[in-house]
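Q: Take a look at this one; I'll ask things after.
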Amino acid sequence: ALCAQVMQDIIRPTVAALAADGMPYVGVLYAGLMITASGPKLIEYNVRFGDPECQVLMMRLRSDLLELLLAACDGGLHAARAEWRDEAALTVVMANDGYPGDHAKGDVISGLDAASRHDGVEVFHAGTAARNGAIIATGGRVLNVTALGASVAQAQTRAYRAVDAIHWPHAYCRRDIGWRAVAREKKAADMKKS
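Following our numbering, the numbering of the sequence shown begins with 3 at its first residue and continues without gaps.
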């Protein structure tokens with residue numbers, strides 16, 4: 003219901019207004035929203051995928067992204083079909099301590115191979131660079147550790163296990179990612195049992 007409301011009240015009117023002004027929009031349109039008691043409110047638009055939102059989308063997308071983008075460019079997106087995995091996905095951003103303010107740069111990152119060996123996990127690099135055979139932290143947001151799971155709880159567990167395999171001196175991440183969704187899953191499961 004929320005997605006339908008966003009499409010009806012925000013996305014479609016925006017795309018229609020652009021077309022009416024002679025600027026038909028084709029491409030990725032990211033809507034930054036605030037969900038309020040009175041419904042969704044638009045904060046911003048970006049003409050790109052969101053970061054780190056894109057990582058969970060790419061993990062769940064079965065279809066070839068390039069084919070979908072080309073179909074959009076060629077005016078054939080209506081005939082294309084995006085296929086999605088049923089699994090839940092969750093991303094934990096690993097940042098340099100101090101981000102978004104001043105933060106250390108140049109720390110060597112270890113454990114990337116071990117983290118990538120976890121089932122359903124992909125480690126996306128953001129603020130990293132290769133230097134002298136090592137991967138170093140160069141930015142504020144350094145890595146996006148993304149995991150798939152049969153449930154949000156499983157995806158969360160997998161992501162944090164992979165996070166725990168990765169180390170650098172000034173690494174920081176939040177430990178509460180996904181807690182609301184996990185609580186909703188648990189509540190739904192408990193209600194099913196009763």
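A virtual CB, placed ideally from N, CA and C, is assigned to each residue, including glycine.
#1: Taking Arg193 as part of the alpha helix (DSSP H), name the residues at either end of that continuous run.
#2: Do you know how far the Cα of Leu72 is from the Cα of Ala18?
#3: Skipping 5 residues on each side, what residues in its chain have a beta carbon closer than 7 Å to that of Gly142?
#4: Taking the beta strand (DSSP E) that Tyr47 belongs to, which residues open and close that run?
#5: Tell me which same chain residues have a C-beta within less than 7 Å of the C-beta of Ile138, skipping the five on either side of it?
#6: Taking contact to mean 3 or more Cβ pairs, one atom from each stretch, closer than 8 Å, check whether the stretch 75-95 and the stretch 148-164 are in contact.
#7: Beta-carbon separation of Val94 and Val165 under 9 Å?
#8: Going straight from the alpha carbon of Val30 to that of Ser196, what length do you get?
#9: Quick check for students: name the residue ranges of the alpha helix (DSSP H) that lie wholly in the stretch 108-184, counting only runs of 4 or more.
#10: Report the CB separation of Glu187 from Ala155 in whole angstroms; it is logged as a contact under 8 Å.
#11: Could you please give the first and the last residue of the uninterrupted beta strand (DSSP E) stretch that includes Val95?
#12: Grouping DSSP H, G and I as helix and E and B as strand, with all else coil, what is Leu63?
#13: DSSP three-state call for Ala33: helix, strand or coil?
#14: For Leu63 versus Glu85, is the C-beta distance shorter than 9 Å?
#15: Just to confirm before moving on: does the CB-CB distance between Met60 and Leu67 stay below 9 Å?
#16: Among the residues of its own chain, which have a CB less than 8 Å from the CB of Ala157, if the five just before and after it don't count?
#17: When the Cα atoms are used, what is the spatial distance from His80 to Gly113?
#18: If you drop the 5 nearest sequence neighbours on each side, which residues of the same chain put their C-beta closer than 6 Å to that of His172?
#19: In chain order, what residues of the same chain have a beta carbon less than 7 Å from the beta carbon of Val28, not counting five sequence neighbours either side?
#20: On a Cα-Cα basis, can you pick out the residue from Asn48, Val147 and Ala22 that is closest to Ala161?
#21: From Arg163 to Ala117, what distance separates their C-alpha atoms?
A: Concretely, from the data shown:
#1: For the sequence presented, residue 193 should be read as Met rather than Arg. Unbroken alpha helix (DSSP H) run through Met193: Trp181 to Lys195.
#2: Here the C-alpha atom of Ala18 lies approximately 21 Å from the C-alpha atom of Leu72.
#3: The residues are Ala97, Asn98, Tyr101, Pro102, His105 and Gly129.
#4: Tyr47: member of the beta strand (DSSP E) spanning Gly41 to Asn48, first to last residue.
#5: Contacts found: Gly108, Asp109, Val110, Ile111, Thr130 and Ala131.
#6: Touching, per the Cβ criterion.
#7: Yes, these two residues count as a Cβ contact at 9 Å.
#8: Looking at the two C-alpha atoms, the distance is approximately 43 Å.
#9: The stretch 108-184 is shown to contain whole alpha helix (DSSP H) runs of 4 or more residues at 114-118 and 154-167, in chain order.
#10: Sure, about 6 Å apart at Cβ, within 8 Å.
#11: Where Val95 is concerned, the enclosing beta strand (DSSP E) stretches over Ala90 to Asn98.
#12: Strand, per DSSP.
#13: Here Ala33 sits in strand by DSSP.
#14: At the C-beta level, Leu63 and Glu85 come within 9 Å of one another.
#15: Going by beta carbons, Met60 and Leu67 fall inside the 9 Å limit.
#16: Beyond the five residues adjoining it in sequence on each side, Ala157 comes within less than 8 Å, by CB distance, of Glu89, Ala90, Ala91, Leu92, Gly122, Ala149, Leu150, Gly151 and Gly180 in the same chain, given in chain order.
#17: Rounded to whole angstroms, His80 to Gly113 spans 43 Å at the Cα level.
#18: Excluding sequence neighbours, His172 sits near Asn98, Asp99, Ala106 and Asp109.
#19: Around Val28, the same chain offers Ala74 and Cys75 as residues with beta carbons nearer than 7 Å, after the five sequence neighbours per side are excluded.
#20: Of the candidates Asn48, Val147 and Ala22, the one whose C-alpha sits nearest the C-alpha of Ala161 is Val147.
#21: For Arg163 and Ala117, the distance between alpha carbons rounds to 8 Å.
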